[in-house]
Each structure stands twice: as structure tokens, then as C-alpha cells.
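For the sequence shown, the working numbering assigns the number 846 to the initial residue and increments by one for each residue that follows.
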Amino acid sequence: MKLSRPARRANLVVHVAASACWLGLTLGLLALGVAATTTGSAATVEASVRAMKMFTDWLLLPLAFLTLLSGLVLSLGTHWGLARHRWVHTKFWLTLVTVTATVLALRPGVGSAVAAVSADGVLPDSGDVLFGPIVSLTAYLFMTVISILKPWGLTRRGQRIRTTLRKRVDAGAAGRTA
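Next comes the structure, spelled out in C-alpha cells:
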């Protein structure tokens, strides 16, 4: 399945916008986490972790799934393919891991931080609000870099496909000249 040029461009815009929003939201979560862990004000701590919870509950997963879905459509609908190039393959699996980590670790961690702060006004463990955004931000920056640089070449599957296509082209050319 190949996307038409307008569909590919529209999907690319959606993918880049969703990815940039996901990256920016994670940076915002990190800033709120830093504010919550470095301030001496109970009100600032509570406001920071409540804002983090609102962002993780309402924005994080829709952006994550939109990024994953639009990336999947782009990879399957263009010449890049899902498993032809190592950078695309790496991005797909890393996106899947970060979406899973968001669901299983980041959101519950922020939720438990809100519950702990609401109970006594003190953030007991800063790891709940810092570790997830730091790991996520690192992963998203890495994925951005490999999207731009496109390193590592073809996967084994990509090499097989390229070899098969070259043989077909060579066979077609040989048949026309004979």
C-alpha cells in the first residue's frame, strides 16, 4: 500500500506535530517535576504535581497514540517500510516501549505523587515525578536525531527486498534486449 502524495504529506504533518507536542509536553512535565522537587513551598509542590497529573491524564496518551499510529501509517505507506531500515525499526520499537512505559509507570507514578502530596503536602519520593520525564525526554530526543540522520542502513529484510527488486529489474532489462 502506497500513500498518495497529499495523504503522505498530511500524515507527515500530523506525525511531526504530534511528536513535537509529545516532546514538548514531556519537557513541561520535567520542568514541573523539577519545580516540585526543588521548591520549599508546599503549595508549589502540590500545584506542580496536580498539573503533571492533569497533563498525563488528558494529553500524554492521546499524543503518544497519535504519534505511534501516524508513524505506523507513514512507515507502511511509504518506501521506508516498517522493517526495511534500521532507524525506522528502532523508532517504532522505542515508541512502543515509551507508550507502554507511559501507561504502566509514568501515569501511575504521577498519580501516587499526587496522592502522597495531597495527604501531607510533602513530596516523599522525587523519583516518581523526575525519572519518567527524564527517560522519556531522552528517548524522544534520540528518536528525533535518528529521524533526521537516518543512520544504520537496511535491515536484513530490507537487503533481501532490495536484492529481489534488483534481480527483477535486471531480468526485465535482459529480456527486453534479447
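Just so it is clear, CB atoms sit at the ideal spot from N, CA and C, and this is done for glycine as well.
Being a predicted model, the structure only gives us computed values, none of them experimental.
- 8 angstroms or more divides the Cβ of Leu848 from the Cβ of Thr912.
- DSSP places Ser893 in the uninterrupted alpha helix (DSSP H) bounded by 887-900.
- In this structure, DSSP gives Leu999 an extended state, which the three-state scheme calls strand.
- Residues Val944 of the same chain have their beta carbon placed closer than 8 angstroms to that of Phe910, with the five preceding and five following residues left out of the count.
- A direct Cα-to-Cα measurement between Ala862 and Thr883 gives close to 31 angstroms.
- The three-state reading of DSSP puts His860 in helix, counting H, G and I together.
- At the C-beta level, Ile991 and Arg929 stay beyond 8 angstroms of one another.
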